[in-house]
Amino acid sequence: MTKKPTFEKFRRYKVTEGDTPIVSLHLRGIFALNKNAFDVLGQPEAIEMLYAPEEQVIGFKASSRGSPDSYAVRNNTKTAFQVEGRSFLKYYEIPEEARGRRYRAELIDDGLLTVDLNQDTEDA
């Protein structure tokens with residue numbers, strides 16, 4: 227008699243879980259932070275975005291919604307936090323090839339979460 231396999235349902239959110247902060251750049255220009263990335267920023271209500279053009283590194287810094295340069299963080303699901311990024315991407319002429327990918331993020335000085343667009347990535 228063959229033993230019946232025990233199946234486990236794959237949950238999409240498990241792809242971005244874990245100890246590593248991950249920032250996904252969706253095709254339509256939305257940044258999605260996994261829970262770890264959101265937590266290392268201090269679970270902010272808004273963020274400010276920075277860019278180092280020569281190095282092609284994006285920075286995210288916690289902010290208040292009252293800041294004129296901040297973008298609200300929307301809690302899309304219990305494990306995904308989204309930020310509108312279309313105007314940022316357009317202004318800095320970040321290529322379309324950077325979209326639809328997941329990037330490992332790193333927290334550096336002054337609470338700045340950075341994403342190096344030159345790293346090897348996964349398709350989102």
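Sequential numbering from 227 applies to the sequence shown in the numbering used here.
Every residue, glycine too, gets a C-beta built ideally from N, C-alpha and C.
The model shown is predicted, which means the values in this text are computed figures rather than measured ones.
**Message:** Quick check on Asn262 - is its C-beta less than 9 Å from some C-beta in chain D?
**Reply:** Judged by its chain identifiers, the structure shown contains no chain D, having just a single protein chain.
**Prompt:** Looking only at C-alpha atoms, which of Gly311, Pro321, Glu322 and Pro231 sits nearest to Leu276?
**Reply:** As a working note, residue 276 is residue 50 in the sequence shown. Distances from the CA of Leu276 to each of Gly311, Pro321, Glu322 and Pro231 were compared; the closest alpha carbon is that of Gly311.
**Ile256 versus Tyr297 - alpha carbon distance** = Locating residue 256 in the sequence shown gives position 30, counting from the first residue. Locating residue 297 in the sequence shown gives position 71, counting from the first residue. C-alpha separation (whole angstroms): 11 Å.
**Asked** Going along the chain, which residues of its own chain have a beta-carbon closer than 8 Å to the beta-carbon of Val299, five neighbours each way excluded?
**Response** Taking the sequence shown and counting its residues from 1, one reaches residue 299 at position 73. Once the five neighbours on either side are set aside, the close Cβ partners of Val299 are Leu259, Phe264, Pro270, Glu271, Ala272, Ile273, Phe307, Gln308 and Val309.
**Prompt:** Are Lys316 and Lys261 touching if we call contact CB-CB under 9 Å?
**Reply:** What you label residue 316 is simply residue 90 of the sequence shown in a count that begins at 1. What you label residue 261 is simply residue 35 of the sequence shown in a count that begins at 1. The Cβ-Cβ distance between Lys316 and Lys261 does not fall below 9 Å.
**Through-space distance from His252 to Asp295, alpha-carbon basis** = Mapped onto the sequence shown, residue 295 falls at position 69. Mapped onto the sequence shown, residue 252 falls at position 26. Cα-Cα distance, rounded: 21 Å.
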